[in-house]
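Chains as they are written, first to last, in the numbering used here: chain A, 2 to 263; chain B, 246 to 528. For glycine and all other residues, C-beta sits at the position ideal for the given N, C-alpha and C.
The structure is reproduced here in structure tokens:
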């Protein structure tokens with residue numbers, strides 16, 4: 002497959018500079034560590050956060066961290082679309098008989114981000130072991146499916162926010178508010194956010210399904226905000242909807258693309 | 246910038262470049278950032294979104310029972326978070342390693358040919374940039390925070406003056422740290438490693454993600470005195486929310502000033518060593 006070749010070529014080329022790769026992978030792991038450290042430090046000064054204890058928030062953070070890291074590894078570099086549109090290089094992607102989005106993703110994959118994914122998985126195992134729950138087959142399935150669905154939701158957000166560049170090239174770091182901001186948001190129970198902000202991030206974008214609802218389902222806890230229990234299992238459906246929406250947005254953007262003059 | 250007479254190479258020699266050259270560089274720095282208005286809009290929107298996210302976490306910590314956390318009450322934390330979101334833009338916590346790129350490509354040679362050394366050129370331009378950021382990137386998040394939440398306003402008049410001094414010193418500390426990260430390119434060419442290290446440490450030990458007083462007291466004091474990171478975000482904010490008496494605040498300013506002197510001297514030394522090491526690539 003053409004995409005596989007593109008991807009393999011990228012990974013091979015990045016692996017040539019071993020010292021650089023080692024430094025980058027270490028950095029990537031440390032960003033993962035930072036997510037966890039923040040939670041640990043917060044629980045030094047408070048016993049609960051939004052009505053949840055450390056074990057519960059730790060599980061949410063681990064789920065969010067896994068999901069984000071995976072999406073960042075796979076499609077995080079789609080934010081470079083800005084440079085492609087600015088320089089007109091995007092034309093080169095359009096004339097090839099492959100999907101422009103898939104090419105962009107395959108050409109810019111950041112191998113170094115494997116570090117954060119690996120660390121996230123380790124943290125998820127620890128958090129699951131530490132959480133007050135019995136590990137049944139159903140829970141194991143939920144624990145496996147949730148980060149994948151979460152990654153799809155984050156991936157959709159990465160793509161959707163990058164698409165803004167088709168209309169607004171100088172959008173700068175505005176996408177970070179939803180991508181990195183999304184990671185920040187999903188790490189903690191949604192009960193801590195103000196009503197308006199929660200509606201926007203948790204429901205409109207779907208971030209509540211990355212970690213919050215699945216954690217409630219895993220721990221058999223009712224939602225303090227009164228949402229029905231089945232939402233804990235709805236992440237895959239939400240993820241598919243998010244991905245479809247992002248795909249449609251991308252297509253609209255590509256149709257809107259008018260290259261850069263001379 | 247190149248057309249400016251005050252920057253002409255013949256000004257070299259024993260005579261120090263006039264203050265007008267520095268002013269011109271600072272004005273250029275101001276103008277450069279004032280030109281990209283959309284980028285400023287994008288930055289303040291992003292900073293404000295993170296203001297909501299970060300303050301929600303702080304509120305949750307406060308709501309969990311105690312009236313104060315690590316010595317901050319509700320309104321102090323609000324000011325801490327929102328002024329902090331503004332301060333990011335003033336000190337420019339995260340910047341692309343432009344100077345490192347100039348070293349890598351060899352463009353740095355044009356900087357070296359000018360009558361002012363590269364570090365002073367960059368510093369003057371950075372202060373101009375910070376001046377623009379005070380008017381835009383600092384004001385917007387603070388206004389957004391003030392509209393939505395109850396911010397703590399300083400009770401002592403002198404606090405405003407102290408905060409202004411502290412912000413200037415913070416800008417100098419942050420500039421020096423960024424400069425050192427960039428100057429690593431003299432030896433490494435690729436500065437992604439030092440850049441990542443700076444991003445990580447400045448955020449977590451500087452008071453951006455949470456006040457350093459959330460760490461054990463001994464660790465917080467150690468960080469403030471023995472590392473430059475809290476001098477960038479934490480100290481100006483502690484001065485603004487009037488944590489401690491005016492005497493303590495003067496002491497904090499002293500810590501910052503100490504770091505400014507140390508780091509600028511270090512920058513100068515690194516620059517001199519780096520120039521000796523420099524090999525201009527290509528022919």
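Chain B contact for residue 185 of chain A (CB, 9 Å cutoff): Residue 185 of chain A belongs to the set of residues whose beta carbon lies under 9 Å from a beta carbon in chain B.
Contact set for residue 56 of chain A: own chain, Cβ-Cβ below 8 Å, skip 5 residues either direction: Non-local C-beta neighbours of residue 56 of chain A in its own chain, meaning closer than 8 Å and more than five positions away in sequence, comprise 128, 131, 132 and 133, ordered along the chain.
Alpha helix (DSSP H) segments (min. 4 residues) lying fully within the segment 3 to 57 of chain A: DSSP runs (the alpha helix (DSSP H)) wholly in the segment 3 to 57 of chain A: 3 to 17 and 19 to 46.
Short-range partners of chain A found in the segment 279 to 303 of chain B, where Cβ spacing is below 7 Å: Cβ contacts with chain A come from 281, 283, 284, 287, 288, 290, 291, 294, 295, 297, 298, 301 and 302.
With 16 other Cβ atoms within 10 Å as the buried cut-off, status of residue 259 of chain B: Confidence at residue 259 of chain B is low in this model, with a pLDDT of 47, below 50, so the placement of that residue is unreliable and no value is reported for it.
Residue 186 of chain A vs residue 161 of chain A beta-carbon contact at 9 Å: 9 Å or more divides the Cβ of residue 186 of chain A from the Cβ of residue 161 of chain A.
Residues of the segment 423 to 456 of chain B whose Cβ lies closer than 8 Å to any Cβ of chain C, in chain order: Looking at the structure shown, chain C is missing, and the protein chains on hand are A and B.
Whole-angstrom C-beta distance between residue 473 of chain B and residue 422 of chain B, which should lie under 8 Å: Indeed they touch by this definition, with Cβ atoms about 6 Å apart.
Cβ neighbours of residue 321 of chain B in the same chain (closer than 7 Å, five flanking residues each side left out): Cβ neighbours of residue 321 of chain B beyond the five flanking positions: 397 and 486.
Uninterrupted alpha helix (DSSP H) stretches inside the segment 281 to 353 of chain B (no shorter than 4 residues): Segments of the alpha helix (DSSP H) lying fully in the segment 281 to 353 of chain B: 282 to 308, 319 to 336 and 343 to 350.
Residues near residue 4 of chain A in its chain [Cβ-Cβ closer than 8 Å; skip 5 each side]: Excluding sequence neighbours, residue 4 of chain A sits near 99, 103, 104 and 107.
Supposed contact pair residue 296 of chain B and residue 390 of chain B - C-beta distance, whole angstroms, cut 8 Å: For residue 390 of chain B against residue 296 of chain B, the beta-carbon gap comes to about 6 Å, under 8 Å, which counts as contact.
Limits of the alpha helix (DSSP H) - the one that residue 137 of chain A falls within: For residue 137 of chain A, no alpha helix (DSSP H) segment is defined, and its DSSP state is neither H nor E.
CB contact below 9 Å: residue 171 of chain A versus chain B: Interface residue, yes.
9 Å Cβ cutoff, residue 109 of chain A in contact with chain B: Not closer than 9 Å to any Cβ of chain B, the Cβ of residue 109 of chain A fails to qualify, so no.
Segment contact flag, the segment 244 to 255 of chain A with the segment 163 to 170 of chain A, C-beta cutoff 8 Å, min 3 pairs: Here the segment 244 to 255 of chain A lies against the segment 163 to 170 of chain A, with 3 or more beta-carbon pairs under 8 Å apart.
CA-to-CA distance, residue 263 of chain B to residue 358 of chain B, given in whole angstroms: In this structure, the straight-line span from the alpha carbon of residue 358 of chain B to that of residue 263 of chain B is close to 17 Å.
Proximity of residue 175 of chain A and residue 72 of chain A at Cβ, strictly below 9 Å: No.
Residue span of the alpha helix (DSSP H) that contains residue 483 of chain B, given as start and end: In the DSSP annotation of this structure, the continuous segment of the alpha helix (DSSP H) that includes residue 483 of chain B starts and ends at 479 to 485.
Touch test, the segment 48 to 64 of chain A against the segment 9 to 21 of chain A, Cβ-Cβ under 8 Å, three pairs minimum: Result no; under three Cβ-Cβ pairs closer than 8 Å.
Nearest-angstrom beta carbon gap, residue 76 of chain A and residue 159 of chain A [assumed within contact, 8 Å]: Indeed, because the Cβ distance is near 5 Å, the residues count as touching under 8 Å.
Proximal residues to residue 261 of chain A (C-beta, below 8 Å), its chain only, five neighbours per side dropped: 86, 87, 88 and 89, listed in sequence order.
Limits of the unbroken alpha helix (DSSP H) element including residue 438 of chain B: Residue 438 of chain B -> alpha helix (DSSP H) spans 437 to 451.
Alpha-carbon to alpha-carbon, residue 434 of chain B and residue 492 of chain B: Counting only the Cα atoms, residue 434 of chain B lies some 44 Å from residue 492 of chain B.
Rounded C-alpha distance that separates residue 334 of chain B from residue 469 of chain B: Answer to the nearest angstrom: the Cα atoms are 21 Å apart.
Contacting positions in the segment 348 to 379 of chain B - beta carbon closer than 8 Å to chain A: Within the segment 348 to 379 of chain B, no residue qualifies.
Length at least 4, wholly inside the segment 120 to 195 of chain A: the alpha helix (DSSP H) runs in chain order: Within the segment 120 to 195 of chain A, the complete alpha helix (DSSP H) segments of 4 residues or longer fall at 138 to 164 and 177 to 188, listed in chain order.
Helix, strand or coil at residue 454 of chain B according to DSSP, with G and I counted as helix: Residue state, collapsed to three classes: coil.
8 Å Cβ shell around residue 246 of chain A - same chain, five flanking residues per side excluded: Closer than 8 Å at the Cβ level, and outside the excluded window around residue 246 of chain A, lie 157 and 161.
Closest by C-alpha distance to residue 270 of chain B, when choosing among B:525, B:402 and B:375: Residue nearest to residue 270 of chain B within the set B:525, B:402 and B:375 is B:375 (criterion: CA-CA distance).
Members of the segment 44 to 64 of chain A near chain B, C-beta cut-off 8 Å: For the segment 44 to 64 of chain A, which is checked against every Cβ of chain B, the residues closer than 8 Å are 45, 46, 47, 48, 49, 50 and 51.
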